[in-house]
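Student: Line by line, the protein sequences give chains Y and Z. The first sequence begins at 1 in the UniProt record's numbering and counts up one residue at a time. The second sequence begins at 1 in the UniProt record's numbering and counts up one residue at a time. Glycine is no exception: its CB is placed at the ideal position from the N, C-alpha and C atoms. Note that the structure is predicted; figures quoted are calculated from it, not measured.
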Amino acid sequence: MEVGQLQRKFVDYTASLFCEGFLDEQFTQLQQLQDESNPDFVVEVVSLFFEDTEKLLNDLTRALDQQSVDFKKVDAHVHQLKGSSSSIGAQRVRNACIAFRNFCEEQNTDACSKCLLQVKQEYSLVKNKLDTLFRLEQQIVEAGGAVPMVG
Amino acid sequence: MAIATESEFHVLAVDDSIIDRKLIERLLKTSSYQVTTVDSGSKALQFLGFHEDEESNQNQPSVSPMIHREVQVNLIITDYCMPGMTGYDLLKKIKESSSLRNIPVVIMSSENVPSRINRCLEEGAEEFFLKPVRLSDVNKLKPHMVKAKAKDHQEPAKQGPEGSETPEVQSVQPQQTPAQSSNKRKAIEEGISQERTRPRYSGLTVI
Numbered sequence: 001m002e003v004g005q006l007q008r009k010f011v012d013y014t015a016s017l018f019c020e021g022f023l024d025e026q027f028t029q030l031q032q033l034q035d036e037s038n039p040d041f042v043v044e045v046v047s048l049f050f051e052d053t054e055k056l057l058n059d060l061t062r063a064l065d066q067q068s069v070d071f072k073k074v075d076a077h078v079h080q081l082k083g084s085s086s087s088i089g090a091q092r093v094r095n096a097c098i099a100f101r102n103f104c105e106e107q108n109t110d111a112c113s114k115c116l117l118q119v120k121q122e123y124s125l126v127k128n129k130l131d132t133l134f135r136l137e138q139q140i141v142e143a144g145g146a147v148p149m150v151g
Numbered sequence: 001m002a003i004a005t006e007s008e009f010h011v012l013a014v015d016d017s018i019i020d021r022k023l024i025e026r027l028l029k030t031s032s033y034q035v036t037t038v039d040s041g042s043k044a045l046q047f048l049g050f051h052e053d054e055e056s057n058q059n060q061p062s063v064s065p066m067i068h069r070e071v072q073v074n075l076i077i078t079d080y081c082m083p084g085m086t087g088y089d090l091l092k093k094i095k096e097s098s099s100l101r102n103i104p105v106v107i108m109s110s111e112n113v114p115s116r117i118n119r120c121l122e123e124g125a126e127e128f129f130l131k132p133v134r135l136s137d138v139n140k141l142k143p144h145m146v147k148a149k150a151k152d153h154q155e156p157a158k159q160g161p162e163g164s165e166t167p168e169v170q171s172v173q174p175q176q177t178p179a180q181s182s183n184k185r186k187a188i189e190e191g192i193s194q195e196r197t198r199p200r201y202s203g204l205t206v207i
């Protein structure tokens with residue numbers, strides 16, 4: 001695929017992610033902080049988010065699996081995930097966390113388990129989307145083009 | 001005559017989240033500040049050279065922080081919710097310290113809790129930013145650092161050639177560095193932003 005086509009594909013794909021609510025304005029803020037002196041900023045932050053989230057999801061799975069669930073601990077993990085997803089603009093993950101926290105407050109194990117599933121799903125979706133987006137970026141750069149600024 | 005420029009300002013950022021540390025570091029560096037990030041309040045105090053026993057020595061007049069540390073910090077920006085020492089605890093310790101109290105402190109939080117915000121402002125925080133923090137928030141930091149630096153220079157013990165310097169009243173215009181030229185639209189927005197749905201608390205500073 002030639003550069004122009006790739007760039008159009010990139011622009012359309014990015015737009016769809018915003019449209020479908022996977023990403024919000026904060027992701028645009030991240031893109032605007034990227035420049036020639038920090039060309040990999042977005043990938044770096046998002047990679048940190050992926051690492052952090054995977055750890056948190058494991059911790060959450062373990063915490064909810066306990067005989068006696070420590071809801072304070074669960075809430076603390078969800079709070080952290082809500083914060084980090086908000087910081088990178090992963091809107092749907094963030095929203096899933098908000099719902100999750102409400103059930104932590106109610107100390108409802110079943111509902112919390114369902115929420116965890118939901119959060120895992122949303123995370124998996126946004127991770128795939130972002131991986132695709134970064135791959136597209138890479139293809140553009142490899143084809144000698146510039147990555148369009150969207151938003 | 002020395003005029004304060006951004007590269008002379010050193011900001012200490014405190015946050016337990018690695019993602020938020022990276023973000024705040026980038027925001028501050030984009031604004032041409034020197035940045036140090038730490039992941040806890042206790043590490044922040046360590047970095048600031050805070051010694052619990054020295055602080056109880058009331059013989060010391062309130063002087064410029066410069067003589068108490070090798071590293072000078074012009075502003076501390078800290079997350080509120082941190083395990084162990086919260087941002088509020090850190091703020092209190094700084095304001096209770098004779099050597100550190102002149103350093104402006106800004107609090108960040110992901111939660112919009114009015115009582116929390118008021119408590120921090122009453123304890124002496126200059127600003128309270130809601131997360132995620134943006135460039136428009138970071139643009140509000142400079143006046144506080146300029147003011148604090150001018151105050152340092154006016155201390156009687158520290159009078160020198162710079163003593164006659166009047167604080168340059170900077171308009172809160174962001175520096176147009178190449179990195180920021182594409183951010184013009186965002187960077188120029190001041191205070192009220194249309195797309196914000198939640199209130200921003202800018203402390204008691206008159207803009």
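Need the endpoints of the beta strand (DSSP E) that Z:Gln-34 sits in, please.
Tutor: Z:Gln-34 -> beta strand (DSSP E) spans 34–38.
Student: Consider the Cβ of Y:Leu-48: report whether some Cβ of chain Z lies at a distance smaller than 9 Å.
Tutor: Output row for Y:Leu-48: interface = yes.
Student: Can you give me the C-alpha to C-alpha distance between Z:Pro-104 and Z:Ala-150, rounded to a whole angstrom?
Tutor: When rounded, the distance between both Cα atoms is 13 Å.
Student: If I measure Cβ to Cβ from Y:Gln-91 and keep anything under 7 Å in the same chain, skipping five residues before and after, which residues do I get?
Tutor: Cβ within range, chain order: Gly-21, Phe-22, Leu-23 and Asp-24.
Student: Which class does Z:Phe-129 belong to by DSSP, given the choice of helix, strand or coil?
Tutor: Three-state result, Z:Phe-129: strand.
Student: Measure the beta-carbon distance from Y:Ser-87 to Y:Gln-26 and round it to whole angstroms, keeping in mind my assumption that it falls under 8 Å.
Tutor: That pair is a contact at about 7 Å.
Student: Using the beta-carbon of each residue, which ones in chain Z are nearer than 8 Å to Y:Glu-44?
Tutor: In chain order: Lys-22.
Student: Taking C-alpha atoms, which residue in Y:His-77, Y:Thr-109 and Y:Val-147 lies nearest to Y:Ser-68?
Tutor: Y:Ser-68 has its Cα closest to that of Y:Thr-109, out of Y:His-77, Y:Thr-109 and Y:Val-147.
Student: State yes or no: is the C-beta of Y:Ser-84 within less than 9 Å of the C-beta of Z:Ile-107?
Tutor: No, these two residues do not count as a Cβ contact at 9 Å.
Student: In angstroms with no decimal places, state the Cα-to-Cα distance between Z:Lys-140 and Y:Ala-111.
Tutor: Taking the straight line joining both Cα atoms gives about 42 Å.
Student: What are the boundary residues of the beta strand (DSSP E) that Z:Ile-107 is part of?
Tutor: Segment 105–109, the beta strand (DSSP E) holding Z:Ile-107.
Student: At the level of alpha carbons, what is the spacing between Y:Gln-107 and Y:Lys-72?
Tutor: Roughly 9 Å separates the two Cα atoms.
Student: For the stretch 101–127 of chain Z, which residues have a beta carbon sitting closer than 8 Å to at least one beta carbon of chain Y?
Tutor: Flagged, chain order: Ser-110.
Student: Based on the DSSP output, what are the partners of Z:His-10 in its beta bridges?
Tutor: In the DSSP output, where bridge partners are listed per residue, Z:His-10 has Z:Gln-34.
Student: Helix, strand or coil for Z:Asp-79 per DSSP?
Tutor: Here Z:Asp-79 sits in strand by DSSP.
Student: With hydrogens ignored, establish whether the beta-carbon of Y:Asp-110 is closer than 8 Å to any heavy atom of the ligand GTP.
Tutor: This structure lacks the ligand GTP, and indeed carries no ligand of any kind.
Student: If Y:Val-78 and Y:Arg-101 are in contact, beta carbons under 8 Å, what's the gap, nearest whole angstrom?
Tutor: 5 Å between Cβ atoms; contact.
Student: For the stretch 119–131 of chain Y against the stretch 46–58 of chain Y, are there 3 or more C-beta pairs whose distance is under 8 Å?
Tutor: They touch, by the three-pair rule.
Student: Who are the near neighbours of Z:Ala-148 in its chain, counting only those whose CB is closer than 8 Å to its CB and skipping five residues on each side?
Tutor: Answer for Z:Ala-148: Asn-74, Leu-75, Asn-102, Ile-103 and Pro-104, listed in chain order.
Student: Can you tell me whether Z:Cys-81 is buried or exposed, with buried defined as 16 or more other CB within 10 angstroms of its CB?
Tutor: It counts as buried.
Student: For the putative contact between Y:Val-42 and Y:Gln-34, defined by C-beta atoms under 8 Å, what is the C-beta separation to the nearest angstrom?
Tutor: 5 Å between Cβ atoms; contact.
Student: Between the stretch 18–36 of chain Z and the stretch 134–142 of chain Y, do at least 3 Cβ pairs fall closer than 8 Å?
Tutor: These segments do not touch.
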